[in-house]
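According to the working numbering, the sequence shown is numbered sequentially starting from 2.
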Amino acid sequence: MLLGLKRHYKKRCQGRMRKHVGDLCLQAGMLQDSLVHYHMSVELLRSVNDFLWLGAALEGLCSASVIYHYPGGTGGPNGARRLLGGSLPAEAANRHRPGAQEVLIDPGALTTNGINPDTSAEIGRAKNCLSPEDIIDKYKEAISYYSKYKNAGVIELEACVKAVRVLAIQKRSMEASEFLQNAVYINLRQLSEEEKIQRYSVLSELYELIGFRRKSAFFKRVAAMQCVAPSIAEPGWRACYKLLLETLPGYSLSLDPQDFSKGTHRGWAAVQMRLLHELVYASRRMGNPALSVRHLSFLLQTMLDFLSDQEKKDVTQSLESYTSKCPGTMELITLPDGLSLPPVPLTKLPIVRCVKLLDLPASLRPQKMKSLLGQNVSTKSPFIYSPIIAHSRGEERNKKIDFQWVQGDVCEVQLMVYNPMPFELRVENMGLLTSGVEFESLPAALSLPAESGLYPVTLVGVPQTTGTITVNGYHTTVFGVFSDCLLDNLPGIKTSGSTVEVIPALPRVQISTSLPRSAHSLQPSSGDEVSTSVSVQLYNGETQPLVIQLENIGTEPLEKLEVTSKILTTKEKLFGDFLSWKLEEVLAQLPLQPGKVATLTVDIRVKLDFSCQGSLLPDLGDDGISVSGFPLCSPFRQVVRPRAESKASNPPEGSKPGDPSHTKTLEAILNFKYSGGPGHVEGYYRNLSLGLHVEVEPSVFFTRVSTLPATSTRQCHLLLDVFNSTEHELAVSAHGDGELTLQAGECRRMAIQVDKFNFESFPEPPGEDGHFANAKQLEEERQEARGLEINSKLGVRWRIISFPRGHSCVVLDRAHLSLKRTGEASVEGLLNQLVLEHLQLAPLQWDVLVDGQPCDCEAAACRVGDPIRLEVRLTNRSLRSVGPFALTVVPFQDHQNGTHNYDLHRAVSFVGSSTFYLGAVQPSGQSACLGALLFLYTGDFFLHIRFHEDSTRKELPPSWLCLPSVHVRALEGRA
Numbered sequence: 002m003l004l005g006l007k008r009h010y011k012k013r014c015q016g017r018m019r020k021h022v023g024d025l026c027l028q029a030g031m032l033q034d035s036l037v038h039y040h041m042s043v044e045l046l047r048s049v050n051d052f053l054w055l056g057a058a059l060e061g062l063c064s065a066s067v068i069y070h071y072p073g074g075t076g077g078p079n080g081a082r083r084l085l086g087g088s089l090p091a092e093a094a095n096r097h098r099p100g101a102q103e104v105l106i107d108p109g110a111l112t113t114n115g116i117n118p119d120t121s122a123e124i125g126r127a128k129n130c131l132s133p134e135d136i137i138d139k140y141k142e143a144i145s146y147y148s149k150y151k152n153a154g155v156i157e158l159e160a161c162v163k164a165v166r167v168l169a170i171q172k173r174s175m176e177a178s179e180f181l182q183n184a185v186y187i188n189l190r191q192l193s194e195e196e197k198i199q200r201y202s203v204l205s206e207l208y209e210l211i212g213f214r215r216k217s218a219f220f221k222r223v224a225a226m227q228c229v230a231p232s233i234a235e236p237g238w239r240a241c242y243k244l245l246l247e248t249l250p251g252y253s254l255s256l257d258p259q260d261f262s263k264g265t266h267r268g269w270a271a272v273q274m275r276l277l278h279e280l281v282y283a284s285r286r287m288g289n290p291a292l293s294v295r296h297l298s299f300l301l302q303t304m305l306d307f308l309s310d311q312e313k314k315d316v317t318q319s320l321e322s323y324t325s326k327c328p329g330t331m332e333l334i335t336l337p338d339g340l341s342l343p344p345v346p347l348t349k350l351p352i353v354r355c356v357k358l359l360d361l362p363a364s365l366r367p368q369k370m371k372s373l374l375g376q377n378v379s380t381k382s383p384f385i386y387s388p389i390i391a392h393s394r395g396e397e398r399n400k401k402i403d404f405q406w407v408q409g410d411v412c413e414v415q416l417m418v419y420n421p422m423p424f425e426l427r428v429e430n431m432g433l434l435t436s437g438v439e440f441e442s443l444p445a446a447l448s449l450p451a452e453s454g455l456y457p458v459t460l461v462g463v464p465q466t467t468g469t470i471t472v473n474g475y476h477t478t479v480f481g482v483f484s485d486c487l488l489d490n491l492p493g494i495k496t497s498g499s500t501v502e503v504i505p506a507l508p509r510v511q512i513s514t515s516l517p518r519s520a521h522s523l524q525p526s527s528g529d530e531v532s533t534s535v536s537v538q539l540y541n542g543e544t545q546p547l548v549i550q551l552e553n554i555g556t557e558p559l560e561k562l563e564v565t566s567k568i569l570t571t572k573e574k575l576f577g578d579f580l581s582w583k584l585e586e587v588l589a590q591l592p593l594q595p596g597k598v599a600t601l602t603v604d605i606r607v608k609l610d611f612s613c614q615g616s617l618l619p620d621l622g623d624d625g626i627s628v629s630g631f632p633l634c635s636p637f638r639q640v641v642r643p644r645a646e647s648k649a650s651n652p653p654e655g656s657k658p659g660d661p662s663h664t665k666t667l668e669a670i671l672n673f674k675y676s677g678g679p680g681h682v683e684g685y686y687r688n689l690s691l692g693l694h695v696e697v698e699p700s701v702f703f704t705r706v707s708t709l710p711a712t713s714t715r716q717c718h719l720l721l722d723v724f725n726s727t728e729h730e731l732a733v734s735a736h737g738d739g740e741l742t743l744q745a746g747e748c749r750r751m752a753i754q755v756d757k758f759n760f761e762s763f764p765e766p767p768g769e770d771g772h773f774a775n776a777k778q779l780e781e782e783r784q785e786a787r788g789l790e791i792n793s794k795l796g797v798r799w800r801i802i803s804f805p806r807g808h809s810c811v812v813l814d815r816a817h818l819s820l821k822r823t824g825e826a827s828v829e830g831l832l833n834q835l836v837l838e839h840l841q842l843a844p845l846q847w848d849v850l851v852d853g854q855p856c857d858c859e860a861a862a863c864r865v866g867d868p869i870r871l872e873v874r875l876t877n878r879s880l881r882s883v884g885p886f887a888l889t890v891v892p893f894q895d896h897q898n899g900t901h902n903y904d905l906h907r908a909v910s911f912v913g914s915s916t917f918y919l920g921a922v923q924p925s926g927q928s929a930c931l932g933a934l935l936f937l938y939t940g941d942f943f944l945h946i947r948f949h950e951d952s953t954r955k956e957l958p959p960s961w962l963c964l965p966s967v968h969v970r971a972l973e974g975r976a
């Protein structure tokens, strides 16, 4: 028995020694010797049932055979490159690292170390080398021997890994999965957490090697969860996150949202959502909220159709919580290992179905400018027609929308959207994404009800440059995530075109007026569109200022402005301009910069006819009031009333003053054509039309106009008989003096002291250049111009000061509610030639000065015994030279009884001569002569200046030689 044991022990020792020698030969690159020793070791150890060493010998035999059959190695491309790039000592050292037992020796490395296999040994190799099928069988046998020992789990796992790698090369995936399944259940006691992570990572790599991607992802995820096991004092969340990212391909999951817009969904949505949740949690524990927001946004965008209503609420609440600390952006996130996470636009929140570009409002649409507004109108071609140009333009119309946008103006794009969420969706910062030109998007905010239908949303923006603009999409901010949504990536979207031409910038003018809007719609015959209309009710002669504010609300200066008016319908003769304005005040402010306001005041002046109408005053002629112009004997105001029988008579219906049938209607249109900036250079302008509706009621009439001389040669009295044709009490005034009150239907006379007029200084009418057919027509125009000038100097105005008794304010219209209704009473058309001659100022202007002070109207004061200086000054305003003149000063006293005392040689003494001489005075020239007087007694004295009889005086009209009388009051001398 001892002999048998000794023999058994000897064989076991020999078998183990052979196995050890085989390992040494294999490490030395002696492949044939290692095969021989492994075979002999297997035979010896099998005979003595030394299963642990027998399994090791079988494993060594399989390793040598694998080196023979697969000289490139079994570690995959990365392992082969790693082995080929390193030296033998480094590889030997790697064998003692954890998990390095599975790395096989590369024959190429053996050759590099100088071990050249003998070619004669190939026959021996073929004899002792296992076939590919036998290799797997021997591995199975070796693993079965290892499984008999509880403490051999590590080497059993190592053998399984080697077998799987060989099977992977042989493309026998199912058999390899059996080895891996066996490796999963191998009980490895007292493994550290790092070793567990390494074990699951290796299993994942092996499953990936044999093509079991989902199985590989499963073990990779297990390894990731092991990195953050509760037993680890410091969880490795970064390693967990990295391993979770590596599991994505196994679950058909990509972090690029573009992969989910192509066709149907791939993979198990439930597993994918679970994995995404784990990525969100891991990134949050890593302290990287941007990653959490990105993965949660990806989950909401790609898995929205698979989320329940409650899950949608939970995910959005979590997303809002994360974005409150770190808002979501469209920037590319790059991880430390080089992996890049693309942005995730939330194109489903909300879902867009239709995109439509809108034209500008009618008042802002650009129009092609004619040469009236500018000469710098650019043209595309010098030819009237070119078929080549027409063809190219036709192609552009096929590509572009047929309207135009303007640089710097707000443009609109309409979107039809709906909310797929089961709760109200709030979208903030929603704007347009464009290309082609620089575009400023004006963001909008909207709130969509839960699961709403199609809802119109208008997005606006301002193009900053010219060219062709393309609307590529829109951007939103939902749940704190900023998204750029492109139309090309939106499935099922409808659009009528997304490209439009942007012309150069034009100013944008907004008009506001001081009058209320009109309910009357004006329909001009020219077809112009009236932007807005105003209305007003006026009395004849009343002027209503229409204040128009032109505000440049655009981005370009207003450089060109034209204002024109057109009277639509009138059957009445208008005196003067119905609409007048001073455009120079506005043009002086041009160019009007953006944001500035220019005010244009348009005077609405209604002057129809102020002459007496026979139907109004049938019996006033008997009282001496007529339009004949004969002077009256008194300059004082007189009250002239109709006779009693005239009052009792009832005029025909419709002829009463103030009756609504007397109301006249005037309509006009103000057109504003404006341009500026680059758009003006390119030949574009804009047009605004303002309609005006005026109702005119009668006010006063002039029944007679005459004149009386005044005390001054430069003045005269104008007598006017005024009739009140309104139902209200009127006050009539001139030059702002005291008012004359007229009751309704009353006629009174008023005297106005006016300065005479210099008709020679009036501008000639423009028709003198040949516009008028004859001299008579020219003279009529001159007389009309004089009447206009005289009327402006008179300043006759009326004012309503009360309402008729018993007239309730409740029934009054808005026009009668104001107590400050004033207007002009024009005498144009009533001044005949005789009146005009009395109002004309002589061309020779004579001025008499006492001690340097004019004495035309008031008495000059002096002291008895003190000499006073007397100066006679002549101003020649005629067109010819006059003079010389000889003047004699004659003093006298007026006793106020028609007697004048000229014998004053003892009361008045001249210092020098009493005769003054003036030389010839050229046109527009001036001359003066000086003298002195000495008063010896107190009293009122008058100085009469007479001309000497000569030929020069006879050549001039008498009205040219009218000198003012001089009144001097002599006071007591100083004691």
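Cβ atoms here follow ideal geometry from the backbone N, Cα and C, with glycine treated the same way.
Sequence-distant residues of its chain with Cβ nearer than 6 Å to residue i (five each side left out)
i: Ser66; result: Cys130, Leu131, Ile136
i: Leu292; result: Ser284
i: Val587; result: Ala599, Leu601
i: Val537; result: Leu516, Gln545, Val695
i: Ala218; result: Thr248, Gly251, Tyr252
i: Thr708; result: Cys717, Leu719, Val836, His839
i: Lys657; result: Only weak support exists for where Lys657 lies, its pLDDT of 42 falling under 50; the coordinates are left without a value.
i: Leu880; result: Pro924
Exposure label - residue i; buried when at least 16 CB within 10 Å
i: Val967; result: buried
i: Thr900; result: exposed
i: Glu829; result: buried
i: Leu822; result: The residue asked about is misnamed: residue 822 is Arg in this sequence, not Leu. Buried, by the Cβ-count rule.
i: Thr112; result: Its pLDDT being 36, under 50, Thr112 is placed unreliably in this model, and the value from its coordinates should be taken loosely. The residue in question, Thr112, is exposed, as its Cβ has fewer than 16 Cβ neighbours within 10 Å.
i: Met175; result: exposed
i: Asn152; result: exposed
i: Ile198; result: buried
i: Arg606; result: buried
i: Ile233; result: exposed
Distance CB(residue i)-CB(residue j) smaller than 7 Å
i: Glu157; j: Ile170; result: no
i: Val697; j: Asn541; result: yes
i: Phe911; j: Leu888; result: no
i: Gln854; j: Thr876; result: no
i: Lys608; j: Ser827; result: yes
i: Val438; j: Val503; result: yes
i: Leu832; j: Gly788; result: yes
Contacting residues, own chain, Cβ-Cβ under 8 Å from residue i (five flanking each side not counted)
i: Thr324; result: Val294, Phe480, Gly481, Val482
i: Cys856; result: Val849, Leu850, Pro965, Val967, His968, Val969
Continuous beta strand (DSSP E) stretch holding residue i: start and end
i: Ala887; result: 886–895
i: Ser940; result: Checking the displayed sequence, the identity of residue 940 turns out to be Gly instead of Ser. From DSSP, the beta strand (DSSP E) with Gly940 extends over 940–948.
i: Glu502; result: 500–504
For residue i: DSSP bridge partner residues
i: Met431; result: Ala445
i: Lys561; result: Ser676
i: Ser690; result: Asn672
i: Pro464; result: Phe440
Other residues of its chain near residue i: CB distance less than 7 Å, five sequence neighbours each side excluded
i: Ile187; result: Gly154, Glu157, Leu158
i: Met978; result: A question about residue 978 goes unanswered here, because the residues of the chain that appear run from 2 up to 976.
Bounding residues of the alpha helix (DSSP H) (the contiguous stretch that carries residue i)
i: Gln778; result: 776–795
i: Phe220; result: 214–228
i: Val1; result: The requested residue 1 does not occur in the structure, where the chain is confined to residues 2 to 976.
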